[in-house]
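Counting along the sequence shown from 1, when you hit position 164 you're at 286 in the working numbering, and nothing is skipped either side. We put the beta carbon where it would ideally sit given N, CA and C, even for glycine. Step one of this worksheet: look at the structure below.
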Amino acid sequence: MADLSTISFTLNGRPVTARIAPHHTVVEVLQNEFGLFGARESCGQGLCGCCTVRVDGDPVSGCLFLAAFLEGTRVDTVESLARGGVPSVVQQAFIEAGAFQCGFCTPGFIMMTERLLEEHPDPDEDLIRHYLSGNLCRCGTYPEIVAAVQLAARRKSEARLDKAS
C-alpha cells in the first residue's frame, strides 16, 4: 500500500483534511473522502470537462490534478453554488434552457460558465463556444447550453443594474 499523507485545504468554504496516496486525484478525494459526486471522471485524460472543479478560482481537470497539490488551496465544486437550496443564476439558467439531457456533463459546463461570466460578463456566441470547447456533451445539447449561458449572462447583468440603482 502506498504511503498516505494528510493534506489540508478549504473545500466549498470550509476547512478540511484528507488522507491521500501520492497517486490520488481530486475527483477520487472528492468522491471517496467527502461524498461529492458533481465532478465526474469520464475520459480520464482531461479532455471532456466532466470533472471540472476550481482550485484557487481556476478551473482544473479533477481527473488529472493530483490531490497532493490541493494543500493550502481553496477548492470549489458545483455543490458549492446553490445557496440555501436555491440554485445559482447559472444553475437556474441551465434548468430553464434545458441545457442537459442525461446531466453527466452539466456540472463541468456550469463550473466553466461561472468562470466565463466572471471574466467576460457579456460574451457573444463565438466566445461562449470557444470558452466551453474543452467540455463535451455526448447528448449534443450545445444549442441549449449556449442559450443557458446567454440567459445567465443577461440575468447577472440585470442583477448588477438592480444593485447599482
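Residue i and residue j closer than 8 Å at C-beta
i: A190; j: P265; result: no
i: S130; j: G171; result: no
i: F156; j: V177; result: no
i: E218; j: L254; result: no
i: G160; j: V197; result: no
i: A221; j: A270; result: yes
i: P243; j: K278; result: yes
i: L126; j: I142; result: yes
i: L249; j: A275; result: no
i: S202; j: N134; result: yes
Whole-Å CB distance - residue i paired with residue j, under 8 Å assumed
i: V289; j: R251; result: Nothing about residue 289 can be read from this structure; the chain reaches only from 123 to 287.
i: S183; j: G168; result: 4 Å
i: V148; j: A140; result: About 10 Å; that fails the 8 Å criterion.
i: T263; j: Q223; result: 6 Å
i: F216; j: S164; result: Rounded, the Cβ-Cβ distance is 18 Å, inconsistent with contact.
i: R237; j: P181; result: 5 Å
Residue range of the beta strand (DSSP E) that includes residue i
i: T174; result: 174 to 177
i: R141; result: 136 to 142
Endpoints, alpha helix (DSSP H) assigned at residue i
i: L133; result: Counting along the chain, L133 falls outside any alpha helix (DSSP H), though it belongs to the beta strand (DSSP E) covering 127 to 133.
i: V149; result: 148 to 156
i: R282; result: 264 to 286
> Given 8 Å as the limit, is there contact between the segment 199 to 214 and the segment 230 to 248, that is, 3 or more CB pairs closer than that?
Replying inline: yes
> Considering only residues of the segment 181 to 221, which uninterrupted beta strand (DSSP E) runs meet the minimum length of 3 residues and lie entirely inside it, listed in chain order?
Replying inline: 196 to 198
>> Extract the residue ranges of the beta strand (DSSP E) inside the segment 231 to 266, only unbroken runs of 3 or more that lie entirely within it.
In response: none
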